[in-house]
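Novice: Note that this note's numbering has the sequence shown beginning at -4, numbered continuously upward.
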Amino acid sequence: MLDGRPAPATNKVWVVVLTADADFEQLARSTFGTNALIDLAVVKGGLMGEESKLEIGNAAVVVIDLDTTQPEELSALQRLMGRLGGRQPVVVVTQEFNEIVARKLVQMRVADFLVKPVTPIELVRACSRVAHEPSREQVKEAQIYTFLPAAGGVGVTTIAIQSAMTLLNSGPRGSLSICLVDLDFQHGACADYLDLEPRLVLSEIEPRPERLDRQLLEVMLSHHSTGLAVIAAPNRPAEMRTFDPNVVTRILDLVSSHFDYVVIDMPRTWFTWTDNVLIGSNKLFIVSEMTVPGLRHAKQLVTAISERLGEGQQPKVIVNRFEQRFLSPGLRRADIKQALGDAFAGTIPNNYRLVREAIDRGVPLEEVKQGNNVAVELKKLILQRADVKTVASKPETALKERSLFWAR
Ligand SMILES: Nc1ncnc2c1ncn2[C@@H]1O[C@H](COP(=O)(O)OP(=O)(O)OP(=O)(O)O)[C@@H](O)[C@H]1O
Ligand SMILES: [Mg+2]
-4 MLDGRPAPAT NKVWVVVLTA DADFEQLARS TFGTNALIDL AVVKGGLMGE ESKLEIGNAA
56 VVVIDLDTTQ PEELSALQRL MGRLGGRQPV VVVTQEFNEI VARKLVQMRV ADFLVKPVTP
116 IELVRACSRV AHEPSREQVK EAQIYTFLPA AGGVGVTTIA IQSAMTLLNS GPRGSLSICL
176 VDLDFQHGAC ADYLDLEPRL VLSEIEPRPE RLDRQLLEVM LSHHSTGLAV IAAPNRPAEM
236 RTFDPNVVTR ILDLVSSHFD YVVIDMPRTW FTWTDNVLIG SNKLFIVSEM TVPGLRHAKQ
296 LVTAISERLG EGQQPKVIVN RFEQRFLSPG LRRADIKQAL GDAFAGTIPN NYRLVREAID
356 RGVPLEEVKQ GNNVAVELKK LILQRADVKT VASKPETALK ERSLFWAR
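Take a look at the structure:
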């Protein structure tokens, strides 16, 4: 594929260019092909269907000539970016360009983009600038676990909190940093359930999201005695308004570069920023109740999210308040498995007394009863789905499998 050439074993800088455009190929060859310090590999064709085969080796920069009029090309680029995981910078060259395309490219963390006609000097400048940036591999980014409800009151908040506790306890004491982010700005309950004062003041960030830096973040975090950090805003039940997506993006971007794990409690409503949050997540869980409509909603949500995000990101469904029924009528585990298929992650037992007491006292479930069945089942489910190496290893190595897509 690479012009029939193997990966070069020289000290030269290796540049990979993928293009279906003969003119751009010619430009790339005349720009880089004659430079003694550059080894150019041209791959002819479009990105769609080729992104998994593209040989990148230790290329210093990858230039992709993208047909942005084809949504499949953008999905293919997204998969390629996921595969690269931030290890190599990608410069995108496009013919058609608009605000939507620009946003998508920024979200995918493309290093730079150029619009045709491109001049040789623009191409050289873009490539040398991004190729000299420090390796993105070194940037620590959190593993993001996102929990979405299939319906109201299914237990998302309870499960998100308990998952955050599970992750916190998955390493030696004090070795992992976890931040629970309550994005249910209207009816958030994370702070209440943990008896904390919510300190995120959205009105302060909204006018200028870029003002949110490490220091301001520190002021807006609440700290639980277990070591869990929480970002939650005071509830505004009477206010049904949406926020500038940049506010959410900025919060998550900052949090993800300062913690090993981020656990997100999502609202039921789909906001303008919801897609961005889902795209940036490593693990997506939909929480459902054990009813036929509940499972149906969950399944619909799985399909809708998979369609929006592409195949790489299939959410898994957790069925909460599960009760084993042998003789009485009602749903059984086999029915749930059949309804959800591959998307079924597991069940969490119904333990009303335990959960209720934890909520009323504002403490984690483990504080009510060590080794309780809800915590045990959730631990199996969450840690089995975690990157085990990451959980067992030191925080420095808790790098994300795929690059975050949130815009910086
Ligand atoms: N495994 C469980 N067993 C018994 N009760 C549970 C369980 N999980 C949650 N609950 C109960 O269900 C109720 C709703 O829980 P929670 O607030 O976590 O749900 P939610 O999906 O976040 O709700 P909302 O839609 O209001 O945000 C609470 O009263 C809680 O006690
Ligand atoms: Mg909730």
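Each residue gets a CB set at the ideal place from its N, CA and C atoms; glycine is no exception.
What does Ser283 pair with, by DSSP beta-bridge criteria?
Specialist: Paired residues: Val314.
Novice: Please return the same chain residues whose Cβ sits closer than 6 Å to the Cβ of Trp268, not counting the five positions on each side in sequence.
Specialist: Closer than 6 Å at the Cβ level, and outside the excluded window around Trp268, lie Pro240, Val243.
Novice: Does at least one heavy atom of ligand 1 sit under 6 Å from the Cβ of Thr267?
Specialist: No, ligand 1 has no heavy atom inside 6 Å of this Cβ.
Novice: So, Ile33 versus Val8, is the Cβ gap smaller than 7 Å?
Specialist: Yes, Cβ-Cβ distance for Ile33 and Val8 is below 7 Å.
Novice: Quick check: Asn368 and Leu360, are their CB atoms within less than 7 Å of each other?
Specialist: Result no, Cβ atoms of Asn368 and Leu360 do not sit closer than 7 Å.
Novice: Measure the C-alpha to C-alpha separation of Arg82 and Asn53 and round it to an integer number of angstroms.
Specialist: If I take the Cα positions, the gap works out to 9 Å.
Novice: Look up His155 in the DSSP assignment and say whether it is helix, strand or coil.
Specialist: First, the amino acid is wrong: residue 155 is Ala here, not His. Helix.
Novice: Please find out if some non-hydrogen atom of ligand 1 comes closer than 6 Å to the beta-carbon of Ala184.
Specialist: True, at least one ligand heavy atom lies under 6 Å from that Cβ.
Novice: Going by Cα to Cα distance, which pick from Ala36, Leu109, Leu79, Asp187 is closest to Asn93?
Specialist: It is Leu109.
Novice: Could you name the residues of the same chain whose beta carbon sits closer than 8 Å to that of Arg356, not counting the 5 residues immediately before and after it, in chain order?
Specialist: Correct list, in chain order: Asp190, Glu362, Val363.
Novice: Within 10 angstroms of its Cβ, does Arg351 collect 16 or more other Cβ (buried), or is it exposed?
Specialist: By the neighbour-count rule (16 or more Cβ atoms within 10 Å), Arg351 is not buried but exposed.
Novice: As an exercise, report each continuous beta strand (DSSP E) stretch of at least 3 residues that is fully enclosed by the region 294 to 376, in chain order.
Specialist: Listed in chain order, the complete beta strand (DSSP E) runs (minimum 3 residues) inside the region 294 to 376 are 311 to 317, 339 to 344.
Novice: Using the rule of at least 16 other Cβ atoms within 10 Å of the residue's Cβ for burial, across every protein chain shown, is Val371 buried or exposed?
Specialist: Exposed: under 16 other Cβ atoms inside 10 Å.
Novice: Round the Cβ separation of Met43 and Gln21 to the nearest angstrom and send it over; I've been treating them as touching at under 8 Å.
Specialist: Not quite, the Cβ-Cβ distance comes to about 22 Å (not below 8 Å), so this is no contact.
Novice: Identify which residue in Ala23, Ala334, Gly80 has its Cα closest to the Cα of Pro112.
Specialist: Taking only the C-alpha atoms, the option nearest Pro112 is Ala23.
Novice: Report, in whole angstroms, the separation of the C-beta atoms of Ile226 and Asp187, which I expect to be a contact under 8 Å.
Specialist: With a Cβ gap of about 14 Å, Ile226 and Asp187 do not count as contacting.
Novice: How many whole angstroms separate the CB atoms of Val86 and Asp107, which I take to be in contact at a CB cut-off of 8 Å?
Specialist: At roughly 5 Å, the Cβ-Cβ gap stays under 8 Å, so Val86 and Asp107 are in contact.
Novice: Kindly list the residues whose CB is nearer than 7 Å to the CB of Leu100, restricted to its own chain and excluding five residues on each side of it in sequence; keep chain order.
Specialist: Closer than 7 Å at Cβ, skipping near neighbours: Val87, Phe108.
Novice: Taking 6 Å as the limit between beta carbons, can you name the residues of its chain near Ala71, skipping five residues before and five after?
Specialist: Leu42, Met43, Glu46, listed in sequence order.
Novice: Would you decide whether Ile347 is buried or exposed? Buried here means 16 or more other CB atoms lie within 10 Å of its CB.
Specialist: One point to set straight first is that residue 347 is Tyr, not Ile, in the sequence displayed. Its Cβ having fewer than 16 others within 10 Å, Tyr347 is exposed.
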